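Just below is one structure, and these are the notes that go with it.
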Amino acid sequence: MTAVQSLAARAAEVLRRNDTGLFVKPGPRVYPFQWNWDSALVAIGLARVDPERGRAEVRSLLRGQWADGMVPHMVFHAESVDYSPGPEVWGSSECRGAPGVATSGITQPPVLATAVRALHEADPDREFLEEVVPAVDAWHRWLQRDRRFDDSGLVAIVHPWESADNAPRFDAALARVDPRELTFTRSDRRHLHEAERPTDLEYGRYMAIVDHLRDRGYRPASPSEAPFAYVDLAFNSILAVAEDDLAWLFGAIGGGEDGAAARAARLRAALAERWDETEAAYRERDLHGADGTTETVADLFPVYAGVPNDRQARKLFAEALWSPARFGPSEDSPWAVTTVSKSSAAYDPRRYWRGPVWININWFLVRGLQRCGLAAEAEELRRLTLRLVETSGFAEYYHPETGEPLGSRDFSWSAALALDLLS
Ligand code: 2M8
7 MTAVQSLAAR AAEVLRRNDT GLFVKPGPRV YPFQWNWDSA LVAIGLARVD PERGRAEVRS
67 LLRGQWADGM VPHMVFHAES VDYSPGPEVW GSSECRGAPG VATSGITQPP VLATAVRALH
127 EADPDREFLE EVVPAVDAWH RWLQRDRRFD DSGLVAIVHP WESADNAPRF DAALARVDPR
187 ELTFTRSDRR HLHEAERPTD LEYGRYMAIV DHLRDRGYRP ASPSEAPFAY VDLAFNSILA
247 VAEDDLAWLF GAIGGGEDGA AARAARLRAA LAERWDETEA AYRERDLHGA DGTTETVADL
307 FPVYAGVPND RQARKLFAEA LWSPARFGPS EDSPWAVTTV SKSSAAYDPR RYWRGPVWIN
367 INWFLVRGLQ RCGLAAEAEE LRRLTLRLVE TSGFAEYYHP ETGEPLGSRD FSWSAALALD
427 LLS
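Residues in the sequence shown are numbered consecutively from 7, following our numbering.
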């Protein structure tokens, strides 16, 4: 067996072990429910080894879709598992338009259209597309309707859990929220070291936002009326690609819809306007606060959507993404891409979304560099990412200096995306 075959076999084994029968859970112990973008990223990996199982993953996630189109960030099941906050905190059964199965009331980055396209490219199945494409379209339309805040086409998130939880770019917006007391014991603390996870103060604020949203059936009158409202460039860049992929999927079943392509073009134009020449990055926006770059990897995400022109893409790569002082590999810190710039005061190489390297982030950036025509740069990042999983296993995230695995081990999206990067 070659080294590539052996790594692929180990990755496929992680997905098999995390398979509950109904969905592949993100990690063996820490995350026992179904999460939205985890399932989509897992389906991208499954497209390489077992497309039929990948299609089941998509169907299973869509069980949680709300009547208005939202695909929730978590879909629960009735088995007793060790995770809090669970379904009782969200109370979806009391909300208008919620599905029969219990879910959370917020969403997550819309990778699903991209996953459905990957499945169809690997193993065409028209019936499957006819079944799921209208559901994905309804979700995108919901985002454009419920999460719009102006005419730009950009959408806002209303909870940090809709993107990268405790990323420093959310700190100022979150600090405006009065925390509430935690009425449950955090299950993550039973499995993981405190230094690798969000603080209790952050959790108190997360729960205060959930309370606020739950009182409104998770449908604030507009994003700007939510206590936390943020124009996350990672979320919006993922949506731009997903809109393109949705347009492609409509094409595969005989067209009849051009809204998705137009939405993608609008989003790209709006993202392009956020370029900051001095920072070689893009400006994020806090709807209740400042507009500017944040020294987090989200500032670079328009690359994923192929937004920068050739000159900007090269500058962003050289001065930010691959810069040893910022997100790229350096002598003391050879593993990249860091989720926070090493030059930022907030950089913390062990703590969750505040510095460590994540395989899904690298995967988005590899695809983006390819899309921007930087093939050699994409290849360099692809190789580094595969070397990291080869060295340290399929962890949830990694210490950029040592490559030490952090968070959950045997993490599904790390395994799934390694499978994709190997192909
Ligand atoms: C993390 O989020 C959950 C809350 O939703 C948690 O911390 O318990 C995030 O990394 C999120 O992006 C991911 O989807 C989820 C499951 O892997 O875990």
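Virtual Cβ for every residue (Gly too), placed ideally from N, Cα, C.
These figures come from a predicted structure and were not determined experimentally.
Could you tell me the alpha carbon to alpha carbon distance between residue 24 and residue 166, rounded to whole angstroms? Numbered from its first residue, the sequence shown carries residue 24 at position 18. Numbered from its first residue, the sequence shown carries residue 166 at position 160. Approximately 26 Å, taken between the alpha carbons.
Roughly how many angstroms separate the alpha carbons of residue 348 and residue 255, rounded to a whole number? Taking the sequence shown and counting its residues from 1, the one referred to as residue 348 is at position 342. Taking the sequence shown and counting its residues from 1, the one referred to as residue 255 is at position 249. Whole-angstrom Cα-Cα distance: 39 Å.
CA-CA distance, residue 414 and residue 31? For this step, residue 414 is matched to residue 408 along the sequence shown. For this step, residue 31 is matched to residue 25 along the sequence shown. Rounded to whole angstroms, residue 414 to residue 31 spans 12 Å at the Cα level.
Could you give the distance in angstroms between the alpha-carbon of residue 11 and the alpha-carbon of residue 120? Position 5 of the sequence shown, counting from 1, holds the residue named residue 11. Position 114 of the sequence shown, counting from 1, holds the residue named residue 120. The alpha-carbon atoms of residue 11 and residue 120 are separated by roughly 25 Å.
Per DSSP, what kind of secondary structure is residue 409 in: helix, strand or coil? Here residue 409 corresponds to residue number 403 of the sequence shown, with the count starting at 1. Coil.
For residue 424, which option in 55, 308, 110 and 38 has the closest C-alpha, if you only look at C-alpha atoms? One-based indexing of the sequence shown puts residue 424 at position 418. Taking residue 424 as reference, the option from 55, 308, 110 and 38 with the minimal CA-CA separation is 55.
How about residue 37: is its Cβ closer than 6 Å to a heavy atom in the ligand 2M8? For the purposes of this step, residue 37 is taken as residue 31 along the sequence shown, with counting starting at 1. It does: the Cβ of residue 37 is within 6 Å (strictly closer) of some heavy atom of the ligand 2M8.
Going by Cα to Cα distance, which pick from 208, 97, 232 and 147 is closest to residue 173? As a first step, residue 173 is located in the sequence shown; it is residue number 167 there, counting from the start. Checking every option, the nearest Cα to that of residue 173 belongs to 208.
Give every residue of the same chain whose Cβ lies closer than 8 Å to the Cβ of residue 37, excluding the five residues on either side of it in the sequence, and list them in chain order. Locating residue 37 in the sequence shown gives position 31, where the first residue counts as 1. Correct list, in chain order: 31, 44, 89 and 414.
Hey, is residue 143 close to the ligand 2M8, as in C-beta under 6 Å from one of its heavy atoms? Indexing the sequence shown from 1 puts residue 143 at position 137. No, the ligand 2M8 has no heavy atom inside 6 Å of this Cβ.
Which residues mark the beginning and the end of the alpha helix (DSSP H) in which residue 19 is found? Position 13 of the sequence shown holds residue 19. It spans 9–23 - the alpha helix (DSSP H) in which residue 19 sits, taken as one unbroken run.
Going along the chain, which residues of its own chain have a beta-carbon closer than 7 Å to the beta-carbon of residue 247, five neighbours each way excluded? Looking up residue 247 in the sequence shown gives position 241. The residues are 120, 310 and 311.
Just to confirm, is the Cβ distance from residue 203 to residue 358 under 7 Å? Here the question's residue 203 lines up with position 197 in the sequence shown. Here the question's residue 358 lines up with position 352 in the sequence shown. Yes; because the gap between Cβ atoms is below 7 Å, this pair is in contact.
Examine the Cβ distances between the segment 185–195 and the segment 146–164 and report whether three or more of them are shorter than 8 Å. no
What is the rounded straight-line gap between the Cα of residue 161 and the Cα of residue 182? Position 155 of the sequence shown, counted from the start, is the residue given in the question as residue 161. Position 176 of the sequence shown, counted from the start, is the residue given in the question as residue 182. CA-to-CA, the gap between residue 161 and residue 182 works out to about 21 Å.
Would you say residue 411 and residue 398 are within 7 Å of each other, going by their C-beta atoms? Position 405 of the sequence shown, counting from 1, holds the residue named residue 411. Position 392 of the sequence shown, counting from 1, holds the residue named residue 398. Yes; because the gap between Cβ atoms is below 7 Å, this pair is in contact.
Once the 5 residues before and after residue 224 are set aside, which same chain residues still bring their CB inside 7 Å of it? The residue labelled residue 224 in the question sits at position 218 within the sequence shown. Within the same chain, residue 224 has close Cβ partners 101, 111 and 112.
DSSP bridge partner residues for residue 297 (one or two, in chain order): Taking the first residue of the sequence shown as position 1, residue 297 is located at position 291. Partner(s): 291.
Separation of residue 364 from residue 417, as counted between CA atoms: Residue mapping note: residue 417 aligns to position 411 of the sequence shown, counting from 1. Residue mapping note: residue 364 aligns to position 358 of the sequence shown, counting from 1. Distance between the alpha carbons of residue 417 and residue 364: 11 Å.
Which class does residue 154 belong to by DSSP, given the choice of helix, strand or coil? Position 148 of the sequence shown, counted from the first residue, corresponds to residue 154. Here residue 154 sits in strand by DSSP.
Identify the residues that DSSP records as bridge partners of residue 363: which are they? Translated into the one-based positions of the sequence shown, residue 363 becomes position 357. Per DSSP, 344 and 404.
Exposed unless 16 or more other CB atoms sit within 10 angstroms - verdict on residue 391: On the sequence shown, residue 391 is found 385 positions in, with the first residue counted as 1. Classification of residue 391: buried, given that the 10 Å Cβ count is 16 or more.
Taking only three categories from DSSP, how would you classify residue 302? Translated into the one-based positions of the sequence shown, residue 302 becomes position 296. Annotated three-state conformation of residue 302 is strand, per DSSP.
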